[in-house]
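Taking UniProt numbering, the leading residue of the sequence shown gets 1, the next gets one more, and so forth.
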Amino acid sequence: MYGKCGRLADARTVFASIGVGLRSAVSWTSMINACSENGRPSEALEVFEEMRSAGVKVDEITILAVISACTRLDCAPSLGDWVEQCALENGLSLNTRVANALIHMHGKTGRVTRCCEIFDPMGFRTVVSWTAMIQALAMNGHGVASLVRLVNEGRQLFKSMVEEYGITPWMEHYGSMVDMLCRSGALDEAFEFVLAMPVKPDPV
């Protein structure tokens, strides 16, 4: 709560008042997020190291928080590899949300080859997966042909999600589609997509 309000010092005080042996994964993750979201991503990683030293099991939410901190740091490749190894050690490397976050992180540091190595074997890809991969290619100057192929597959995924599986898209799905189209240069299609959305677009 304090972290979300920008009161990092208060968050630290509450966290410190909890005995190390009594801190749950939720407590540690909340502190990691508080540091990361308040401009202290390096401290977030220090808290994560303390969590690991305390022997607390790392879950999906924790790894996502740590990847977010690394992304805010524009981390060195070695740090990105370290976080990815942590995900692997905790059985989270095949988790779709974790894979999406790793692609985004590596893309920001120009490691497109690593992004492809994570993306290609993914058993299940969401629209967010396609968007993350397209962002990685677009940010690092990769060819139009690669982007067009991914956008076409992303469109097909969104269509099959609705028509074949009967899944009602969330705002996150619509936002990812618009982002994907814009980053690939399909601005007119993105605009038409927004107009056709059955939900009112939010400011984001």
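Note that beta-carbon positions come from the ideal geometry of N, C-alpha and C, so glycine has one too.
Item                                                                                                                                                        : Value
State the DSSP-derived secondary structure class of Arg-74, mapped to helix, strand or coil.                                                                : The sequence as given places Asp at residue 74; Arg does not occur at that position. Note: Asp-74 maps to coil in three-state DSSP.
Ser-24 by DSSP, collapsed to three states: which one?                                                                                                       : coil
Indicate the three-state DSSP secondary structure (helix, strand or coil) for residue 282 in the structure shown.                                           : There is simply no residue 282 to check, as the chain begins at 1 and stops at 204 in what is shown.
Which whole-angstrom value describes the C-beta separation of Phe-15 and Ile-32, a residue pair presumed to lie in contact below a C-beta threshold of 8 Å? : Contact doesn't hold; Cβ gap of about 10 Å is too wide.
Under 9 Å, do Ile-134 and Arg-183 count as touching if we go by C-beta distance?                                                                            : yes
Residues in its own chain within less than 6 Å of Glu-43 by CB, not counting five upstream and five downstream?                                             : Cys-35
Please report the distance separating the alpha-carbon of Val-20 from that of Ala-54.                                                                       : 7 Å
So, is Ile-18 buried or exposed, given that buried needs 16 or more other C-beta atoms within 10 angstroms?                                                 : exposed
What do you get for Ile-63, buried or exposed, if any count of 16 or more other CB atoms within 10 angstroms of its CB means buried?                        : buried
Does the region 73–83 touch the region 99–112, meaning 3 or more C-beta pairs lie closer than 8 Å?                                                          : yes
With distances taken from CA atoms, which of Gln-156, Arg-40 and Glu-50 is nearest Glu-164?                                                                 : Gln-156
Less than 6 Å between C-beta atoms, sequence neighbours within five positions excluded: which residues of the same chain meet that for Val-58?              : Asn-90
For Ala-65, which of helix, strand or coil comes out of DSSP?                                                                                               : helix
Kindly indicate which three-state DSSP category Tyr-174 falls into: helix, strand or coil?                                                                  : helix
Give the DSSP-derived three-state secondary structure of Gly-154 in the structure shown.                                                                    : helix
Out of Val-112, His-173 and Thr-71, which has the shortest C-alpha to C-alpha gap to Met-161?                                                               : His-173
Tell me the rounded alpha-carbon separation between Ser-68 and Gly-39.                                                                                      : 12 Å
Helix, strand or coil for Phe-191? Go by DSSP, reduced to three states.                                                                                     : helix
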